[in-house]
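To start, the structure under review is shown below, and the notes come after it.
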Amino acid sequence: MHGEMNSAQNKDDLVRSLERRAYKPIAVDSLIWLRKRLLQLETEMRWEDRLSLFEEFFPNDAMVGRT
Numbered sequence: 161m162h163g164e165m166n167s168a169q170n171k172d173d174l175v176r177s178l179e180r181r182a183y184k185p186i187a188v189d190s191l192i193w194l195r196k197r198l199l200q201l202e203t204e205m206r207w208e209d210r211l212s213l214f215e216e217f218f219p220n221d222a223m224v225g226r227t
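Numbering-wise (this note's numbering), the sequence shown opens with residue 161 and increments by one.
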């Protein structure tokens, strides 16, 4: 029973975290840094790192239901 409550609490925390991220505007300086970093990762052919970084800044709403 305790595991079920903890799991529900973790999901609530995840939802709150995603909502904060989804509705919080991204600063221009952060976008400039992101663009440079994405280009660097692309140049280095580090596709998985590039994808992870992109998804961190722009979470895919379709993926939220899978967690």
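By construction, the Cβ of each residue, glycine as well, lies at the ideal position given by its N, Cα and C atoms. As the structure is a prediction and not an experimental result, all values here were calculated from the model.
Straight-line gap, residue i to residue j (C-alpha atoms, nearest Å)
{"i": "Arg195", "j": "Asp173", "result": "29 Å"}
{"i": "Glu121", "j": "Val175", "result": "With the chain covering only 161 through 227, there is no way to say anything about residue 121."}
{"i": "Met165", "j": "Asn220", "result": "For Met165, the pLDDT reaches just 49, beneath the cut-off of 50, and the residue's location in the model is therefore unreliable, although a value from the coordinates is still provided. So the alpha carbons of these two residues sit roughly 27 Å apart."}
{"i": "Ala187", "j": "Trp193", "result": "10 Å"}
{"i": "Thr203", "j": "Pro185", "result": "28 Å"}
{"i": "Phe218", "j": "Glu208", "result": "15 Å"}
Presumed contact (8 Å Cβ cut-off) between residue i and residue j, rounded CB distance
{"i": "Leu198", "j": "Arg206", "result": "Incorrect: roughly 10 Å between the Cβ atoms, too far for contact."}
{"i": "Leu213", "j": "Leu201", "result": "7 Å"}
Simplified DSSP assignment, three categories, for residue i
{"i": "Phe217", "result": "helix"}
{"i": "Glu202", "result": "helix"}
{"i": "Ile186", "result": "coil"}
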